[in-house]
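Count along the sequence shown from 1, add 9, and you get the number used in my numbering. Ideal placement from N, C-alpha and C gives every residue a C-beta, glycine not left out. Nothing here was measured: the structure is a model prediction, and the numbers come from that model.
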Amino acid sequence: MTDIKALAQSILQSDRRALARAITLVESGRDDHRADALKLIEALKPAGRQALRIGLSGTPGVGKSTFIESFGLMLTKQGLRVAVLAVDPSSTRSGGSILGDKTRMELLSRDPNAFIRPSPSQSQLGGVARRTREAVALCEAAGFDVILIETVGVGQSETMVAEMSDLFVLLLAPAGGDELQGVKRGIMEIADLILVNKADGDLKSAATRTQADYTGALRLLRKRAQDPEGFPKALKVSALEDEGLDIAWAEMQQLADWRKAEGHWGKRRADQAVHWFAHAVEAGLLAQLTENPETQDTYAKAARDVAKGKRSPDAAAQALLSKLLR
Ligand code: GDP
């Protein structure tokens, strides 16, 4: 039995061990843990603390951990408290989290103003989404100023992370020739800031070209209401040499401030909350149908009919729902 009140109090007092324990609680699949986790999140809500949630994506090798280390240390030096959460839907397949290796961010992980949490090993993106959102809520309650939510560009994970972030940053490496090829249009559309990393040494001029290419490509996208003039933007940085990170941070703050002043910030968070609510209802209904002994058989029979081609997927779904939700 977890003492939820005491745990909530410790989190509000920024107790890191309590925070780590609470994240373990939200990651658990056990029913009693779920109930406690929900109670805990509700108990922390009235504190109303908010961090700047920054989603960060990029393919392996682009420099995410190097960036987070340098960027995170820059922020903690300014007196800000930084939490890093990793979302790695592939971690079950590889048998361990590739983002989980704390040694990747050695200095930051030892910084008392930073908190790094590797990805929970989960097979299902939906489960990862909920656990990550809850971990974000816990870090906010613990008083972190900035929360970096890191993901590798696997499947839908970028969209998912963007849907729980205030800003979404895409990290790219300089490339020659067909550089735009690798980035899907959908990712470009959710990016607020594209950072071309490794703009140092021999790669400097390639980085300048890549930045120009992406600046051009971003201009071709439809203007979004939540963007001030000049956004989304492509910049050059060197995570290794600590260059351009201050400018990137200034741009992030400028964008965040503008969105706050214009009401987009609150609207984005409200839309996201409703999105995740709908998601939870959907997942809950499906779980009810497939796990509840009373409805399991009806569901399984309908699925068999669909598989045999006896009914269309939509007709079968409608018949099932109207029978169950009467
Ligand atoms: P991740 O897989 O995206 O987390 O990438 P890492 O941060 O592990 O970096 C992959 C490789 O790129 C490492 O060898 C880094 O040293 C190197 N790297 C990262 N950032 C930079 C940079 O700004 N400049 C250069 N030249 N190399 C970098």
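When the options are compared against residue i, the one with the closest alpha-carbon
i	options	result
GLY62	THR68, ASP97, ALA146 and ALA31	What sits at residue 62 in the sequence shown is Arg, not Gly. Ranking THR68, ASP97, ALA146 and ALA31 by Cα distance to ARG62 puts ALA146 first.
GLY72	LEU334, LYS207 and SER321	LYS207
GLY162	LYS193, LYS317, GLU300 and SER321	LYS193
ILE256	PRO183, ARG218 and LEU204	LEU204
LEU49	ARG39, ALA15 and THR68	ALA15
ALA60	LYS86, ARG30, ASP41 and VAL93	VAL93
TYR223	GLU252, PRO241, VAL315 and ARG231	PRO241
SER331	ALA234, THR307, LYS319 and ALA95	THR307
LYS276	ARG320, VAL137, ALA123 and ALA234	ALA234
MET261	ASP251, GLU300, ALA279 and ASP236	ASP236
ASN301	VAL137, THR141 and LEU333	LEU333
GLU36	LEU212, SER128 and VAL290	SER128
SER118	ASP40, GLU252 and ARG25	ARG25
GLN18	ALA44, PRO55 and GLY38	PRO55
TRP274	ALA259, SER174 and SER214	SER174
SER291	LYS213, ARG139 and ARG278	It is Glu, not Ser, that sits at residue 291 in the sequence shown. The shortest C-alpha separation from GLU291 is found at ARG139.
ASP41	ILE13, LYS232 and ALA287	ILE13
Identity of the residues DSSP links to residue i by a beta bridge
i	result
GLY64	ILE158 and PHE177
PHE124	ALA92
Supposed contact pair residue j and residue i - C-beta distance, whole angstroms, cut 8 Å
i	j	result
MET114	LEU254	The Cβ separation is near 14 Å, so there is no contact.
LEU34	ALA46	5 Å
ILE20	ALA150	5 Å
ILE196	GLU167	6 Å
PRO183	ALA221	Rounded, the Cβ-Cβ distance is 11 Å, inconsistent with contact.
VAL91	LEU28	Contact flag wrong, Cβ pair sits at about 13 Å.
GLU143	HIS284	Rounded, the Cβ-Cβ distance is 15 Å, inconsistent with contact.
THR160	VAL96	4 Å
LEU89	ASP154	4 Å
THR304	LEU298	5 Å
ASP120	THR85	5 Å
ALA123	GLY152	With a Cβ gap of about 13 Å, ALA123 and GLY152 do not count as contacting.
GLU250	ASP209	5 Å
The stretch 245-265 touching the stretch 73-86, judged by at least three CB pairs closer than 8 Å: Touching, yes.
Ordered list of alpha helix (DSSP H) runs contained in the stretch 197-281, each at least 4 residues: Along the stretch 197-281, the alpha helix (DSSP H) occurs as fully enclosed runs of 4 or more residues at 213-228 and 254-271, listed in sequence order.
Contact the stretch 322-329 vs the stretch 294-313: 3+ CB pairs below 8 Å: Here the stretch 322-329 makes contact with the stretch 294-313; the two share three or more CB pairs at distances below 8 Å.
Segment contact, 8 Å Cβ cut-off, at least three pairs: the stretch 195-206 with the stretch 174-184: Contact holds: three or more Cβ-Cβ distances are below 8 Å.
The stretch 263-274 in contact with the stretch 213-229 per 3-pair CB rule at 8 Å: Contact fails: fewer than three Cβ-Cβ distances are below 8 Å.
Length-filtered (3 minimum) beta strand (DSSP E) runs lying within the stretch 19-89: 61-66, all fully within the stretch 19-89.
Minimum length 4: unbroken alpha helix (DSSP H) runs contained in the stretch 280-332: Entirely contained in the stretch 280-332, the alpha helix (DSSP H) runs reaching 4 residues are, in chain order, 302-316.
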